[in-house]
Each structure stands twice: as C-alpha cells, then as structure tokens.
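Residue numbers (full-length UniProt numbering): 1 to 388. All C-beta atoms in this analysis are idealised placements derived from N, C-alpha and C, irrespective of residue type, glycine included. Okay, so here's the structure we're looking at.
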C-alpha cells in the first residue's frame, strides 16, 4: 500500500513541476513579445513625430552685432545655425534704426514653417568711425586784394551732413606782402572723428606792364624843372633838355585795374563763361552788352572774371577809381567807377530786390563798362564805370 502511495506522489510531483515549467515558459514568451512590440512602437513614433522646437537649435543669446552707420545687413546671417536646422525659418524684427548712432536692444522673432515661434535678444551697436571731408583748394591772390578764409570752403560728413560752420582755421595771410601762407583747416563730427587739411594761399605782386606808370607833367612842373636845370648848369656846360613825359604803353585787349593788367577776350555770351572757366587766374571775358569791346561805340560792354582768380583785384576798386580798357588794337579808354552793387544771379540787388539786369547786360546807356565777379554761389559784385 505504501509503495502505491509513494508512486502516486512521485507522479503528481512530476506533473506539478512540468505544469509550472510550462507556465513559466509561456510567461517569458509573452514578456519578450511585449518588449518587442513597445520598442517597435517607439521607433515608429520617432520616425513620424518631429519635436516642436527642432527648428530652433540655436543658443539662447543674447547676440551682439556692430555695424557702421547706414550699413545694411541681413538679420538671418546673425543666426547661421538656422539655415542648417531649417531653411524655412523666418526672422522678423522692426525695432531698430541703422541711421542712428547708438546701442539698441532688438527682439528678434524666429518663426518656422509650422507657425511655431521663439525669440532671441540682439544687442545692435551702430557706430560712426568715418571722418568728414573738407574741400579747400589752394588759391593765388594779388597784393592788396581782400581774402575770406572760408570762401568756397565746405565740410561734409556722411552722418551729420553739412558741417562747414564747424570748421576751425589756423594761420594768417598778409595781403600786403607777397609770399606763400599756409592755412590749416580742421573739423570734427558729433562722433569726434576729425579731419585736418592744409591749404596754401599765394600772394603775388601786382602785374604792371613796363612803362605803364602814367607820367603827367603840368606846365608849372615843366617850368620849374627847366628853371632848376638852368640854375644848376655850370658855365660853359651844354644845356640838358628837360625830360619829356611819355605816354604809357598799353597792351591790346586788356583792362588796367588798380595797377594790375587783366587780359580779356571778346567771348560774348556764347563763349565767355567757357573762356574764364578754362583759365580763371589768367583771363577775363566779355559776356553781356557789346560782345566786342570798343571805346567809341557808345555802348556798354559787360566783363566777367573769377574770384579767386583774375578778377580778385575788383575788391580794390572804389567809387571814383579809374579803369583803363584797351581794344584789340591797343587803343585805351578811361572809365570812372560810379556805382558798386551786390546782385543775385537774376540781377536783383540784395536787400532791396531792385532789378539791374538790363543795366548790367544791356548795351544801352552810353559809353560804359560793367565788371562782374562772384562772391558766392548766390552773390555777385558788380562794378559800373562810365567813360570820363
């Protein structure tokens, strides 16, 4: 009986172990299948789902950009990784001005093709490092003429614009002594960029042709000279004839102003401006009135010339001054200055608005001359003289 029971227990124990092993195997298979299924699901999810901020793989900042005033740049170039991450990312911002010097905090908005947005902070510094420019050409003047150190001198800055009024001039010019005089011009803009240039003013002696000194001997002077000569003669000496006054030798087509010979050409309105522009220090020209100068045609001849240049000598002329003008044959005519005006380019007097256009460039009014030179872009010196 005991043997049968023992066999029964052994068989039952064996069956129990087999059932347990089978259950354990089945559970293990199910666990492995679940793990494989979860891994596959995760892998597929990664392939089909894109993180929302994948297009913005850039540092949080802030970023810094330094540019020259008025220098254009592309904002997206400041964030180069954007192009690598997603070429469809857009950069938008409107709160900065490249025309104003200074530092601005710019909020830059980044937007991708999905409509997702993020922002970055940009510190934008706009600077001005370019120095202004000065225009001041070397000039040549005659002894005794006037000189304005700021005449036809300008200064310009790319940011500040016209800063001519800020120019400082160092040096001096002695208009009574010939020589070369250096002047230093300096100007600074609001960003403290400074420019210096040197300008040479050359003062030259008045040009007087030989024998141009007008010798006038009165009757009394001649008598006195003869008497003095006779009184000083030694007995037996041969009498010496008194000096004879000689007429001055004038060159043809010339004006003689304050002792200075000014050559001119009969250019008229067709060629006069071109003549003086081609040689501003060497020649004047007729323009209005009678285009060809004649001392006996009973007409006005209007002459033009540059200042600085050949007509700088006009500033030495006053009411009552005598001006000698020769025609092409060298025949001289004397004219006496009777009026000096400052006119605009339309021929109207500055201050009163009275028009002198016809008087200036018209041929009427008797034997006379009109001399014109520019003082500035809007002001002209006009000298009127009539035959004496």
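Do the region 125–145 and the region 63–73 touch if we need at least three Cβ pairs shorter than 8 Å? yes
Do the region 332–340 and the region 168–177 touch if we need at least three Cβ pairs shorter than 8 Å? no
Closest to residue 74 by C-alpha separation, out of 60, 62, 96, would be which residue? 96
For the alpha helix (DSSP H) holding residue 277, just list the boundary residues, first then last. 268–278
Identify, in the order they occur along the chain, each residue of the same chain with its Cβ nearer than 8 Å to the Cβ of residue 100, setting aside the five sequence neighbours on each side. 69, 126
Buried/exposed call for residue 121, threshold 16 Cβ in 10 Å: exposed
Range covered by the alpha helix (DSSP H) that runs through residue 360: 357–361
Residues in the same chain with beta-carbon distance under 6 Å from residue 308, minus the five sequence neighbours each way, listed in chain order, please. 139
For residue 371, count neighbouring C-beta atoms within 10 Å of its own C-beta (all shown protein chains included) and say buried if the count is 16 or more, exposed if not. buried
State buried or exposed for residue 283, treating a residue as buried only when at least 16 other CB atoms are found within 10 Å of its CB. buried
Give the DSSP-derived three-state secondary structure of residue 53 in the structure shown. Caution applies to residue 53, whose pLDDT of 45 falls short of 50 and renders its modelled position unreliable; the model cannot decide the point.
Where residue 166 falls: helix, strand or coil (DSSP): helix
Measuring alpha carbon to alpha carbon, tell me which of 331, 327, 285 ends up nearest residue 311. 285
Starting from the C-beta of residue 191, find all residues in its chain whose C-beta is less than 8 Å away, skip the five residues before and the five after it, and write them out in chain order. 101, 127, 128, 129, 159
Contact set for residue 78: own chain, Cβ-Cβ below 7 Å, skip 5 residues either direction: 63, 65, 122
Within this structure, are the beta carbons of residue 360 and residue 288 separated by less than 8 Å? yes
Give the DSSP-derived three-state secondary structure of residue 312 in the structure shown. helix
Looking only at its chain, what residues have a beta carbon closer than 7 Å to the beta carbon of residue 37, apart from the 5 residues adjacent to it on each side? For residue 37, the predicted model reports a pLDDT of 46, less than 50, meaning its position is unreliable; a value from the coordinates is still stated below. There are no such residues.
Assign residue 327 to one of three DSSP states: helix, strand, or coil. coil
By DSSP's criteria, residue 302 is part of a beta bridge. Which residues make up the other side? 370
Where does residue 383 fall in DSSP's three states? strand
Residue 114 - partner residues in DSSP beta bridges: Answer by DSSP bridge pairing: none, since residue 114 is not bridged.
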